[in-house]
Structure formats: structure tokens, C-alpha cells
Amino acid sequence: MLAISRKPSGIATSGPEPFLLVCRRFFKAAMHFPSLWSSLVIDHDQKPQRGEKRPTLLAKTLAYLERSRCYPLSVYLGLAADATMDTMDDFYDCGIAIIGDRGRHMARWRSLEMYLDNTWVEHVLNDFGWPTPILSNITIIKLPSFSQELRIDLTFAFADAKIETLDISLSSDCQFSESFSFSIRVLTILESHDHWSMFALSRFSNLQGLTLGRFIDAEFKVNPREWPQVVLPRLIILDIRTPGWNGVLSHAQLPSLRLLILASDPNVPQWDENMTITLLCDLTRHTEHIRALFLTGLESPEAEEWQCFFSSLHNLSFCRIEECEVDFASLLARHWLCPILYRFEVDDEIWERPLAAEAWASNRDTCLKEMDGLRPLMRDLGFLVSCFI
């Protein structure tokens, strides 16, 4: 069977054209499966191999739109920063095509992924105004070569869509309508320039999963009285990739938080010891109801600095630790920390705490019921769920 390569989001980058060249039977079969033609990749960064003749991007886009019939579309848009005027004109023509007459094709959009490497693409996004009733996933990635701060106004664009997942670089210049913000269930902030952008975060009141990625200006200072008060009443999973978010979390309200993930990301600066300590202090405000904790790739601070944090995890039931240089096993051996955590995993090795077994038994049914409720959301976030006891 033909393997179709895909981008990280799952959008196919190499289409089913090879099927057409096998034989007449394969040709007819490919033409009868509109789903094979439902991934539209409008990317001028792809170069044809030497000696290869490829149809123009517009011709290919129109062919895909015709062959996909009424099937929901996954759209990928990318334009190199050094694109020529002819390339930009071709890109613009493809943009008009995928929208269609009076938004006919835009109504079929199921997911949208945009790689911002050219200011022109940003303007295109701000011009989307036709109905997108089945659009549920949006990814807007700002590439390193795109040096400007992201300015996106989604006050009117996608106003009727029920977006469930959004991956975006957040800044104070990003605008979201109330209906758009309320529909988001899973939000990934790929990067943020300053704490002021958290004013926008407070509008996503229906969030259940939140990932905090790179924080650009770690030296940003603001008067504590002016910190944005972020209230996320339904947030269940919080995934933090850098400790630069400590100030925001100190003024947040997360009454439904059940799973906390602290993970080092190779794409962002390493966890600074002092900032990590500050973050842990801020997180103790939200640990009352946390049932599960995942720690990955952390190198600092020392185990003793984590003691105050773990002492606040009174309801922690599941703990998984991977590739951390901190000696968490010795820390959690202290029976008075995390009183109902009787088993935890460190790099595939299971540790038991017999003195906590009785406390766990009395809370077992409640804990398991809450963790079962986390599984569907974790799958949507791309996490494995087999690690639960």
C-alpha cells in the first residue's frame, strides 16, 4: 500500500498521484475515493525534483477540489519569506480557489494549518470571512524567520465555526470574538511575547486543556497590581513547557485542574533553577485537586526544593517521571508527602509506598473515576493514557 507522508498536524504532503500511474484499475479506484484528495497543501517551499515536471500549484489545487467532491477538507498554507511576486500571485489565486464562489469550498474546511513565514499570509488569514460550519482545528505557527510580532484579528473570521482546538503564537495584538473564544476546548500557546497577552487567555472560559509553550521575554516586568486575573473554571489539564509563566499562574484561578504536566522542550530554553522554584511556589495555589502529575526532562532544582511543592499535593494519585536528573524517588519515599500516592513510576521502574496503601484504598473509586474522565481529553491532546494505574 502507498505510504502518504504527513506534516505534524496530520495533513498529507504527498498526494495520491502515484496511484494514477500504476494501472487503469488503480486510476479508477483513486478517482472514486474523494477522501484521498481532501488534503490541500498550498506550499511554495516544496521544490520539484531535478528533471521532474509538476503542474502549477493552481492547477493541482483545482484538481484536488474537484476530485474531493463534497468531502471535508484539511488545508495547509505556507509561503516562503523570499517568495517572488509571481509566486505570491500564484498563492493568491490558490487562496481564492480554496475559498470558492461565495465561500462554497471554505464551508468544507475541517482543519486549517498556516505556517507564517511571510507577512502576506497573515493578511490572508485576517480576510477569511465566509462561513466555516465544520471547521474544528486551527494551527497558526510563526516560523523563526518571521521576525514580526503576530497580529491576528479573529473577531469576525470564523465567527460561526465551532473551533475545538487552537495552536497559536499569542500576543497582545491577537483579537478573538467571544463566540470564537468560548468554543475552544484545547489551546496550545506556541509562544508568547509578554504577560499582557494573558488578558486574551482569560476569554477562553471553556478551556479543558492548555499547553503553555515558549515565553519570549523572560525579563518582562509588570506591576503586580496590574497582573491579568485569568479565570479558567473548566481547565482540567495544564501542560507547561517553560517556567517563564510563573507570574501569570500566581494570579490564575484553576478550580478544576486534575492533571499537571511539567516537561522540558528541546525547542525552548532549559528550565532555569530560580524561575523553576518561583513557578513551583505559584503552582502550589492550584494543587488541591490534582490527581495526576507528569514530569519529563527536568534537571533542576534539587529534590529538596521540590519538597514544598509535593507537600501540597494532598490528592495526588498517579505520578510518572521520565528522564529527570532530580532524585524524585528518594523524595517520594517520605511517607508524609502525597498521602494517597502508593505507587509511582520513575523511568519505567515502579516504586511502592506501603504506608500509603490504606489511604489509597479508601479513595480508589473516586480517583479512578476522575482519571477515566481524563482519558478522552488526553487523547485529543496527543498523550498516551496507558500509564494510569
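Residue numbers -14 to 374, in this note's numbering, belong to the letters of the sequence shown in order. Where a beta carbon is used, it is the ideal one built from N, C-alpha and C, also for glycine. Note that the structure is a prediction, hence the values are computed from the model and not measured.
Segment limits, alpha helix (DSSP H) that includes residue i
i	result
TYR49	42 to 52
SER190	Taken as a continuous stretch (DSSP letters only), SER190 belongs to no alpha helix (DSSP H), as it is neither H nor E.
GLU163	163 to 168
LEU5	2 to 5
Span of the beta strand (DSSP E), counted from its first residue to its last, around residue i
i	result
THR150	150 to 155
ILE174	171 to 177
LEU268	LEU268 -> not in any beta strand (DSSP E); alpha helix (DSSP H) instead, spanning 258 to 268.
SER24	24 to 28
CYS323	Neither: CYS323 is in no beta strand (DSSP E) and is coded neither H nor E.
ARG93	That residue, ARG93, is in no beta strand (DSSP E); it is neither H nor E in DSSP.
ALA248	244 to 248
GLU330	328 to 331
ARG10	It is not in any beta strand (DSSP E) - ARG10 instead sits in the alpha helix (DSSP H) that spans 9 to 16.
SER302	Here SER302 belongs to no beta strand (DSSP E), and DSSP marks it neither H nor E.
PHE200	194 to 200
ILE222	222 to 225
Exposure label - residue i; buried when at least 16 CB within 10 Å
i	result
PHE439	Since the first residue shown for the chain is -14 and the last is 374, residue 439 is missing from the structure and cannot be characterised.
TRP321	exposed
HIS17	exposed
ARG(-9)	Note that ARG(-9) scores a pLDDT of 36, beneath 50, so its modelled location is shaky and nothing firm can be said.
ILE335	exposed
SER177	buried
THR261	buried
Nearest neighbour of residue i, chosen from the options [CA to CA]
i	options	result
ASN122	PHE165, VAL215, GLY88, ILE84	PHE165
ASN259	ASN231, LEU239, PRO116	ASN231
ASP333	LEU326, LEU223, GLU308	GLU308
GLU289	LEU298, LEU172, LEU316, ASN300	LEU316
THR173	ARG305, ALA185, LEU195, HIS320	LEU195
LEU375	ARG276, LEU42, LEU217, ARG328	Lying outside -14 to 374, the shown extent of the chain, residue 375 is not represented and no answer is given.
LEU362	ASP257, ALA314, ILE126, LEU223	LEU223
VAL171	CYS8, ALA346, GLU2, THR150	THR150
ALA344	LEU353, TYR327, ARG360	TYR327
GLU273	ILE306, GLU284, GLN238	GLN238
LEU234	ASN252, SER285, ARG270, GLU2	ARG270
Residue i to residue j span [Cα, whole Å]
i	j	result
ASP75	MET356	50 Å
HIS90	ALA146	14 Å
GLU98	ALA318	46 Å
LEU50	PHE279	43 Å
SER20	GLY0	11 Å
THR124	ALA342	44 Å
ASP257	ASP86	52 Å
LEU340	SER241	28 Å
LEU42	LEU6	20 Å
CYS323	ASN300	7 Å
Three-way DSSP call (helix, strand, coil) for residue i in this model
i	result
ALA146	coil
GLN34	Bear in mind that the predicted position of GLN34 carries a pLDDT of just 45, short of 50, making it too unreliable to give a figure here.
GLU273	coil
CYS352	helix
ARG39	Interpretation of ARG39 is limited by its pLDDT of 48, a score under 50 that renders its predicted location unreliable; no figure is taken from the coordinates.
LEU359	helix
PHE379	Residue 379 lies beyond the residue range present for the chain, which begins at -14 and ends at 374; the question has no answer from this structure.
GLY63	strand
TYR56	coil
ASN122	strand
TRP230	helix
ASP75	helix
TRP291	helix
GLU284	coil
TRP336	strand
GLU343	helix
Neighbour flag for residue i against chain B, beta carbons, 8 Å
i	result
SER285	Absent from the structure: chain B. Only one protein chain is present.
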